[in-house]
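Residue numbers (our numbering): 90 to 478.
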C-alpha cells in the first residue's frame, strides 16, 4: 500500500466515527434538555461525558508509546460501539435518568483515549508530507464531521424517532473499525527509541509549557458552547433542535474553512497564532451576545466566526506542540495535552448553574470575558518564560 493510501484510509475511518459521534451528541443533549427542562442536568450529563478525560487520557499516551496504536484505537472503537448500544437502550427504555447517566459515563471511559491515539498515529502516516500539514488535514477531517454530524443528526431528529440517531452512530463505528482493521503493518507502531524522562523534558521546554497553559482559557470558558448549545439556541434566539443543529453546523463550517486553509499553508509561528486566536475566540462569543437580538441569521454568522477563530486556535496550538516533541515522548506529552478536554466539563459545570440562576445571557458574558482574560494571562506568563529560558 502506497504512502498516501494509509492516511486516506485512516482519515476515512476517522471521518465516519466522528460524524456518528457528533450526531449522537446533538441527540443526547437535546433529549436530556427536553426530558428534564434543566440546564443543571444538561451540565451534569456533559460532565459525566467528559470528566473521565482527566483520569484516563494521560495513561493512554504511555500505552501509545509502547504498544500497537492501531489495535489500541480499534479496541477503543469497539468499546464505543458496545457502550453506544447501552445509551440507546437507556433512551428507548425511558428509565430513571441515573441509568442514562451511567451509560454515558461508561461510554466516556471507553472513548476518552481515542484523541490521543489518533494524534499519535499521525507521524506514522505522513507519507512524505510535513507533519504540520498532516495535523491540519486531520483537523479538517474532524471539522467536516462537525458539519455533517449535526446536520445529519438534525434531519434524523426531525424525521425519525430520536433513538435512530444512536443507531446511526453504531453503524458509523462499524465502518471506522473496518478502516482500522485493514491499515498496513508499517502504520501501526512507532519505532522504540531510547527512554527520555518525561517531566524534565516538559520543565525545560518553554514551547511545550506555553502551549499547555494557553489551553486553559478557551477550553474552560469558550468550548463548552458545544455542550451548552441547546440552551443558547433556545434562550437567545428562541430556537429548537433544528436551530441547535444549524448553529453547531455553522461553527463547524467556519472551523472546516480554517483548517483547510491551514492545511495548505501552515502558519510560520503557530504558537503566536494560538495566543492571538485564543483571545479573539472570547471576543467572538461576546459578539454572539451583542448581536443576539438580530435573530437566527446573525447568530449563524457569529457562530461561523467562532468556528473560524476557534479552529485557528486549536490547530495552531496542536501544531506548535507536535513540532516541539521528540517521537519517543509524543504519546505521553499528547496524553497530558489532551487532558485539556477535561476543562470542557469543568467549564460546563461552572457555566450551567450561572445560566440557571442568572440567565443564559449572563452565562455567555462570563464565557467571553473569562476566555479573554485567562488567555491573556497565559500568554503573558508564556512570554516571560521564553525570555527567561
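The beta carbon of each residue, even a glycine, is placed where N, CA and C say it ideally should be. Predicted, not measured: the structure shown is a model, and the values here were computed from it.
Local Cβ density within 10 Å of residue i, reported as buried at 16 or more and exposed below that
i, result
"residue 203", "buried"
"residue 83", "No answer is possible for residue 83: it lies beyond the span of the chain, which begins at 90 and ends at 478."
"residue 99", "buried"
"residue 447", "exposed"
"residue 227", "buried"
"residue 257", "buried"
"residue 359", "buried"
"residue 328", "buried"
"residue 184", "exposed"
"residue 239", "buried"
"residue 421", "buried"
Proximity test, residue i beta-carbon vs the ligand PLP heavy atom, cut-off 7 Å
i, result
"residue 267", "Here there are no bound small molecules, and the ligand PLP is not part of this structure."
Helix, strand or coil at residue i according to DSSP, with G and I counted as helix
i, result
"residue 376", "helix"
"residue 326", "coil"
"residue 183", "coil"
"residue 271", "coil"
"residue 277", "Only weak support is given to the placement of residue 277: the predicted model assigns it a pLDDT of 49, under 50, and the value that follows is read from those uncertain coordinates. Coil, per DSSP."
"residue 149", "helix"
"residue 251", "coil"
"residue 447", "helix"
"residue 239", "helix"
"residue 154", "coil"
"residue 299", "helix"
"residue 312", "coil"
"residue 421", "helix"
Spatial distance of residue i from residue j (CA atoms)
i, j, result
"residue 165", "residue 260", "15 Å"
"residue 368", "residue 235", "23 Å"
"residue 216", "residue 97", "10 Å"
"residue 458", "residue 375", "8 Å"
"residue 388", "residue 352", "27 Å"
"residue 127", "residue 299", "37 Å"
"residue 401", "residue 355", "11 Å"
"residue 392", "residue 197", "27 Å"
Integer-rounded CB distance, given that residue j should sit under 8 Å from residue i
i, j, result
"residue 206", "residue 212", "So it is not a contact: roughly 13 Å between Cβ atoms."
"residue 271", "residue 201", "Not confirmed; about 25 Å, so no contact."
"residue 343", "residue 397", "4 Å"
"residue 180", "residue 305", "That belief does not hold up - the Cβ atoms of residue 180 and residue 305 are roughly 34 Å apart, past 8 Å."
"residue 254", "residue 147", "Actually they are not in contact, since the Cβ atoms of residue 254 and residue 147 sit about 31 Å apart, beyond 8 Å."
"residue 265", "residue 441", "At roughly 31 Å, the Cβ-Cβ gap does not stay under 8 Å, so residue 265 and residue 441 are not in contact."
"residue 309", "residue 131", "With 8 Å as the limit, residue 309 and residue 131 do not qualify as a contact, their Cβ atoms being about 18 Å apart."
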